[in-house]
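Trainee:
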Amino acid sequence: MIQRPRGTRDFPPEEMEKRRFLESRFRREAELYGFREIATPIFENTELFTLKSGPNILDEIYSFEDKGGRQIALRPELTAPTMRFFVNDLTNYPRPLKVFYFGQCFRYERPQSGRYREFFQFGAELIGAPNPESDAEVIGLAAQMVSGSGLGAYNIRLGHIGVLRDKLREAGVPTESMPPILQKLDKKLYDEARPLMSKAGMSLASMEDVIGTTGIVGPPSVLDDYPGEASDYLKEVLSILADYGTVNVQVDLGVVRGLDYYTGIVFEMDAPCLGAEKQICGGGSYSLTELFGGEKVFSTGFAIGFDRTLLALEREGLTPPPRKLDAYVVPTSDAMRRQAYVVVAQLRKAGISADVDLMRRSVGKNLKYADSIGAKKVVIVGEKEAAQASVTLRDLGSGKQELVPLDGIVAALK
Ligand code: HAM
381 MIQRPRGTRD
391 FPPEEMEKRR
401 FLESRFRREA
411 ELYGFREIAT
421 PIFENTELFT
431 LKSGPNILDE
441 IYSFEDKGGR
451 QIALRPELTA
461 PTMRFFVNDL
471 TNYPRPLKVF
481 YFGQCFRYER
491 PQSGRYREFF
501 QFGAELIGAP
511 NPESDAEVIG
521 LAAQMVSGSG
531 LGAYNIRLGH
541 IGVLRDKLRE
551 AGVPTESMPP
561 ILQKLDKKLY
571 DEARPLMSKA
581 GMSLASMEDV
591 IGTTGIVGPP
601 SVLDDYPGEA
611 SDYLKEVLSI
621 LADYGTVNVQ
631 VDLGVVRGLD
641 YYTGIVFEMD
651 APCLGAEKQI
661 CGGGSYSLTE
671 LFGGEKVFST
681 GFAIGFDRTL
691 LALEREGLTP
701 PPRKLDAYVV
711 PTSDAMRRQA
721 YVVVAQLRKA
731 GISADVDLMR
741 RSVGKNLKYA
751 DSIGAKKVVI
761 VGEKEAAQAS
771 VTLRDLGSGK
781 QELVPLDGIV
791 AALK
């Protein structure tokens with residue numbers, strides 16, 4: 381048997397129904413906030429992802445040479461593709477430009493529960509306005525999407541990358557040395573961050589100050605101990621979020637984010653029920669356009685880990701039951717098959733989900749089959765009924781049967 385590649389999944393019908401259900405909820409919220417959908421290619425020129433992050437990112441992504449000798453990568457995320465698209469074709473749109481996307485991403489990771497090599501992100505980017513109200517709008521949408529999905533237990537951790545960057549700069553760390561340090565701090569790998577900070581010329585005291593800052597978590601008042609521009613900015617974002625009624629937000633100056641492009645606020649959302657891979661959303665403000673050949677434009681965005689959110693909803697028992705077929709049409713003999721096709725066509729035309737026997741089964745076997753696929757009703761098309769221009773309608777739940785005239789069947793099923 382040929383197996384699927386490691387870290388990928390197949391989705392059976394029940395799973396796809398849950399996925400489409402969540403997708404449609406997310407889509408509805410994004411549209412309610414005035415965001416419009418875009419789509420970009422699943423593969424891009426590798427350079428799009430290495431320009432900001434450097435060649436190290438190649439270890440974490442799927443990249444290859446195509447037959448024309450081009451370096452190609454499967455997209456690991458959709459922010460860089462969205463910004464490339466913006467620079468290529470969307471700069472004339474009125475701003476702020478609010479877009480959302482839903483699609484698969486690929487990362488060369490060690491697969492485990494909630495972490496895959498092919499996974500799906502539902503994300504949004506607000507392009508063109510570097511201010512607290514834009515940031516609050518984006519965080520508010522992320523929060524609304526997660527709470528609107530029905531998830532009960534989640535939290536939002538909000539920080540500002542400027543707080544740590546300022547401290548590193550004050551301690552004499554050059555900008556180009558910051559990414560590896562920030563990446564270690566992001567993962568709270570302090571023992572690995574210390575030698576990097578020391579190499580960048582930081583004193584012991586400033587190193588411990590930076591590490592201490594990553595542990596600052598709590599209500600907005602914790603910012604009082606960290607006066608400065610970044611802190612004032614965060615306070616404003618938090619107060620707008622309060623106006624919007626966004627709940628479950630706390631300050632966390634340890635939110636650093638794994639990706640290198642953030643310049644301002646950064647935030648993450650967790651679903652504690654997921655354990656190790658509990659982060660269901662990540663985002664922040666950034667500017668990438670100038671890197672891709674455009675003018676500098678600030679944006680704020682986020683991506684929700686679609687698969688993880690679904691896992692969390694399942695753990696909370698909140699995914700919808702499988703969809704049921706409204707009616708299954710059973711001819712009682714070969715002679716009645718043509719009549720059965722006419723009936724099933726009539727139901728489908730009226731918007732009733734209906735199926736008909738395609739296996740030439742006996743009535744008994746058809747009833748069993750209808751039960752196994754969870755059909756709500758069976759429409760029995762028989763000679764006796766036909767003589768009265770009727771069919772028998774059987775409720776599979778109660779077992780009750782009734783004779784229904786052919787022209788009343790749609791009404792009876794609705
Ligand atoms: P990210 O934090 O790398 O951010 O990914 C966003 C979310 O995708 C994560 O919070 C997580 O839920 C999910 N995710 C990441 N990797 C995996 C995986 N291997 N398996 C399953 N789920 C995963 C970004 O990608 C940024 N582009 C977000 C953003 C948009 N920032 C600004 N705009």
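Numbering (this note's numbering), first residue to last: 381 to 794.
Beta carbons are placed, not taken as given, at the ideal position from N, Cα and C, and that holds for glycine.
Can you give me the start and stop residues for the beta strand (DSSP E) that G685 sits inside?
Mentor: What you label residue 685 is simply residue 305 of the sequence shown in a count that begins at 1. Residues 679-685.
Trainee: Give a yes or no on whether the C-beta atoms belonging to S514 and T680 are separated by under 7 Å.
Mentor: Within the sequence shown, the letter at position 134 stands for residue 514. Within the sequence shown, the letter at position 300 stands for residue 680. Taking 7 Å as the Cβ cut-off, S514 and T680 qualify as a contacting pair.
Trainee: Let me check you understand the geometry: is the CB of E457 closer than 6 Å to at least one non-hydrogen atom of the ligand HAM?
Mentor: As a first step, residue 457 must be located in the sequence shown, where it is residue number 77. Yes, Cβ of E457 sits closer than 6 Å to a heavy atom of the ligand HAM.
Trainee: Do A725 and P711 have their C-beta atoms closer together than 7 Å?
Mentor: In the sequence shown, residue 725 corresponds to position 345, counting from 1. In the sequence shown, residue 711 corresponds to position 331, counting from 1. Their beta carbons are not under 7 Å apart, which means A725 does not touch P711 by this criterion.
Trainee: With hydrogens ignored, establish whether the beta-carbon of I660 is closer than 6 Å to any heavy atom of the ligand HAM.
Mentor: Your numbering for residue 660 matches position 280 in the sequence shown. Flag set: Cβ of I660 near the ligand HAM.
Trainee: What are the start and end residues of each continuous beta strand (DSSP E) run of 3 or more residues lying completely inside the region 599-650, in chain order?
Mentor: Counting only runs of 3 or more, we get 629-632, 642-650.
Trainee: Would the beta-carbon of R695 be found less than 6 Å away from any heavy atom of the ligand HAM?
Mentor: Residue numbering aside, residue 695 sits at position 315 when the sequence shown is read from its first letter. No, since every heavy atom of the ligand HAM falls outside the 6 Å radius drawn around the Cβ of R695.
Trainee: Leaving aside the five residues before and after R728 along the sequence, list all residues of the same chain whose C-beta is less than 8 Å from its C-beta, in chain order.
Mentor: The residue given as residue 728 occupies position 348 in the sequence shown. Excluding sequence neighbours, R728 sits near A734.
Trainee: Checking 7 Å against the spacing of the C-beta atoms, do A810 and C661 come in under that value?
Mentor: Lying before the first or after the last residue shown, residue 810 is absent from the chain, which here runs from 381 to 794.
Trainee: Counting only the same chain and skipping the five closest in sequence on each side, list residues whose C-beta sits under 8 Å from that of G552.
Mentor: Reading the sequence shown from its first residue, position 172 is the one you call residue 552. Correct list, in chain order: A580, G581, M582.
Trainee: In whole angstroms, what separates the C-alpha of P575 from that of L538?
Mentor: Position 195 of the sequence shown, counted from the start, is the residue given in the question as residue 575. Position 158 of the sequence shown, counted from the start, is the residue given in the question as residue 538. Their Cα atoms are separated by approximately 27 Å.
Trainee: Heavy atom of the ligand HAM less than 6 Å from the Cβ of G655, yes or no?
Mentor: Residue 655 sits at position 275 when you count from the first residue of the sequence shown. Outside the cutoff, so no.
Trainee: In the DSSP output, which residue or residues are listed as bridge partners for C653?
Mentor: On the sequence shown, position 273 is the one that residue 653 refers to. DSSP output for C653 lists no bridge partner at all.
Trainee: Per the DSSP calculation, N425 is bridged to which residue(s)?
Mentor: Here the question's residue 425 lines up with position 45 in the sequence shown. Its beta-bridge partners are I452.
Trainee: Give, in chain order, every unbroken run of the beta strand (DSSP E) that is at least 3 residues long and sits entirely within the region 510-568.
Mentor: Counting only runs of 3 or more, we get 535-540.
Trainee: Given 6 Å as the limit, tell me if Q524 has its C-beta closer than that to any heavy atom belonging to the ligand HAM.
Mentor: For the purposes of this step, residue 524 is identified with residue 144 of the sequence shown, where counting begins at 1. It does not: the Cβ of Q524 is nowhere closer than 6 Å to a heavy atom of the ligand HAM.
Trainee: Using the Cα positions of N436 and F444, report the straight-line distance between them to the nearest angstrom.
Mentor: The residue given as residue 436 occupies position 56 in the sequence shown. The residue given as residue 444 occupies position 64 in the sequence shown. Cα to Cα, N436 sits roughly 15 Å from F444.
Trainee: Can you find a heavy atom of the ligand HAM that lies under 6 Å from the Cβ of F466?
Mentor: Stepping through the sequence shown from its first residue, residue 466 is reached at position 86. F466: no, Cβ never under 6 Å from the ligand HAM.
Trainee: Is the closest heavy atom of the ligand HAM to the C-beta of Y496 under 6 Å?
Mentor: For the purposes of this step, residue 496 is taken as residue 116 along the sequence shown, with counting starting at 1. Yes, since a heavy atom of the ligand HAM falls inside the 6 Å radius drawn around the Cβ of Y496.
Trainee: Looking only at its own chain, which residues have a Cβ that is under 6 Å from the Cβ of V590, when we skip the five neighbours before and after it?
Mentor: Your numbering for residue 590 matches position 210 in the sequence shown. K547.
Trainee: Could you spell out the range, first to last residue, of the alpha helix (DSSP H) harbouring F406?
Mentor: Residue numbering aside, residue 406 sits at position 26 when the sequence shown is read from its first letter. It spans 393-412 - the alpha helix (DSSP H) in which F406 sits, taken as one unbroken run.
Trainee: Under a Cβ-count criterion, where at least 16 other Cβ atoms within 10 Å of its own Cβ denotes burial, should K447 be classed as buried or exposed?
Mentor: Walking along the sequence shown from the start, residue 447 turns up at place 67. With fewer than 16 Cβ atoms within 10 Å of its Cβ, K447 is classed as exposed.
Trainee: For Q781, which residues does DSSP report across the bridge?
Mentor: Looking up residue 781 in the sequence shown gives position 401. Q781 pairs with R774.
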